[in-house]
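Peer 1: Here the sequence shown stands for residues 832 to 1317, numbered as in the numbering used here. We put the beta carbon where it would ideally sit given N, CA and C, even for glycine.
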Amino acid sequence: HYYITNNLSSNMDAKKRREGEDSAGAQGMKSATSERVVTYHQYWTPSSKEYVSTMGSEKMSVVFSISHQPSALVKALTPFQQNSINLTHIESRPLAEDENKYKFLCNLEICNEDDEKRFKKAIGELKEMSGNDCVKVLSRRDIDTQDSEEVPWFPIKIAELDRFASQILSYGSELDSDHPGFTDEIYRKRRKMFADIAFNYKHGEPIPHVEYNEAELATWRTVFTKLSTLFETHACKEFRKVWPLLVQNCNYNKDTIPQLQQVSQFTKDCTGFTLRPVAGLLSSRDFLAGLAFRVFHSTQYIRHGANPFYTPEPDVCHELIGHVPLFCDPEFAAFSQEIGLASLGAPDEWIEKLATLYWFTIEFGVCKEEEALKAYGAGCISSIEELENCISDSSQKLPFEPENICTTKYPITTIQPVYFVAPSFAEAKRKVREFSSQIPRPFTVHYNPYTQSVQLINKRANCVKMIRDLANEMKTLEDAVRKLED
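1) Determine whether the beta carbon atoms of Cys1101 and Gln1093 lie at a separation below 8 Å.
2) Starting from the N-terminal side, write out each stretch of the alpha helix (DSSP H) that is 4 residues or longer and does not extend beyond the stretch 1177-1210.
3) Nearest chain D C-beta to Ile1243 closer than 8 Å, yes or no?
4) Between Ala903, Glu922, Ser915 and Asn943, which has its C-alpha nearest Asn931's C-alpha?
5) For the beta strand (DSSP E) containing Thr919, name the first residue and the last one.
6) On a CA-only basis, which of Lys1260, His1277 and Asp1224 is nearest Leu1185? Give me that one, please.
7) Check each candidate in Ala1137, Phe950 and Leu1308 and name the one with the smallest Cα separation from Trp776.
8) May I have the straight-line CA-CA distance separating Ser898 from Ser1268, to the nearest angstrom?
9) Do Leu1058 and Ile1182 have their C-beta atoms within less than 8 Å of each other?
10) Is the Cβ-Cβ distance between Cys937 and Val893 less than 8 Å?
11) Kindly indicate which three-state DSSP category Lys1290 falls into: helix, strand or coil?
12) For the 8 Å Cβ check, are there 3 or more pairs between the stretch 1031-1046 and the stretch 987-1003?
13) Is it the case that the Cβ atoms of Ala996 and Ala1120 are separated by a distance below 8 Å?
14) Going straight from the alpha carbon of Ile1222 to that of Ile1246, what length do you get?
15) Can you tell me where the beta strand (DSSP E) holding Arg1107 begins and where it ends?
16) What is the DSSP secondary structure of Lys1228, counted as helix, strand or coil?
17) Taking 8 Å as the threshold, find out whether the stretch 1157-1167 comes into contact with the stretch 1218-1238 through three or more Cβ pairs.
18) The beta strand (DSSP E) that contains Asp929, what's its start and end?
19) Let's see if you can read the secondary structure: which residues bound the alpha helix (DSSP H) around Ala907?
20) Compute the distance between the beta-carbons of Ile1215 and Phe1140, then report whether it is under 8 Å.
21) Please report the distance separating the alpha-carbon of Asp929 from that of Tyr1281.
22) Do Asp1117 and Gln1283 have their C-beta atoms within less than 8 Å of each other?
23) Between Cys1294, Val1263 and Glu1069, which has its C-alpha nearest His1277's C-alpha?
24) By how many angstroms is the C-alpha of Val1197 removed from the C-alpha of Tyr1250?
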């Protein structure tokens, strides 16, 4: 998948790629994507001992707690000062389980191996001062969870998803030489325009309105008209229920490409899911983290009109026709978020498993509906060939078991040979939750929809608070049942 492919990382700085797009891209010169580092571990490569990052540095965070007393913070920060570690951000809050302590979060950047050595020395000194249990390191590097206390960094607040915009692995306007639009100067300029919109977007802003040109509208018309004739017989009932609502409320029709902002507002009203534009390729970890906040990173450009029924990467047809309808369904939305929450702080090998699980469900999922097979995956619903193939006898169907799914290899550029059949979204969510409980991380995560933030359930006080919240919800439910009985 365009967003969750694990094996490509651009070896060019993102800023240089964007600046060079106008001069090199539009004139059909050598594509930036033709020179790539073939490894997903773009942040830390143990064999070479070098940092390889599109932004040139490794973002890290340190969380520690100290007793509330005069000059305590100054003393705690001394190891960073003495080891020449530059902190980019500091924030504090009282420790919920101990009113005499404060918890601090410090953000920093590691740019080279010398920084790494000084950082480790500073952390060692901080642990001697505060205690091993009071210091946690969050990073994005490839780590060995058995020998390290580090946990891969993940967003806590929904606004932190903005950080991913500068961590794309390739800019959306970069096209490979075999892309249908590679030699089309107008198409390349349009792709850069869409990529720039996404790159500059910030959480909380309205998604900019786009005027699609006649060629783009013609492509949409062709795809929309053909696919919509198959939904009644091939798509699942949840999709069929939502589709007319999108036609009624979001301007879904053959002559108009719906605007992301209008669609995002509708999905938010239905399930709390929102869309945000994305400028290019995201890592699996970043893409899945968005789902944890019920945020879907969506493209805004459309495939090249030379072949309207083929696209080498997801486009607005895939997103709006394939993904959006089921993000309006409560059970499917909860299932999608479950995969995202499972990814937060997970080791790299588990991210690969969850990305594979995503592929065979949200992208190419099939379910049972009154003994008949129906498609619910976006890759199936937005492709005529996949839509026909997934319910035919020409492909293999296997039961939905996450342990088997996560180890299954799959093709990216051809029709899928195998599909995993889910009995229902609720049952799939239950199995994913059981499966994710095996992830080796020292905490459980819970999403708070009121603050749009992730809470770590790793202390007894956190558990007690959550139990109290659930007890209040149960009282409301009991009251409702009592009134129904009356």
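Peer 2: Here's the rundown:
1) no
2) 1179-1189
3) Judged by its chain identifiers, the structure shown contains no chain D, having just a single protein chain.
4) Ala903
5) Leu918 to Leu926
6) Lys1260
7) Residue numbering for the chain in the displayed model covers 832 to 1317; residue 776 lies beyond these limits and cannot be assessed.
8) 33 Å
9) no
10) yes
11) coil
12) yes
13) no
14) 13 Å
15) Thr1105 to Pro1108
16) strand
17) no
18) Asp929 to Ile941
19) Ala903 to Gln913
20) yes
21) 25 Å
22) no
23) Cys1294
24) 7 Å
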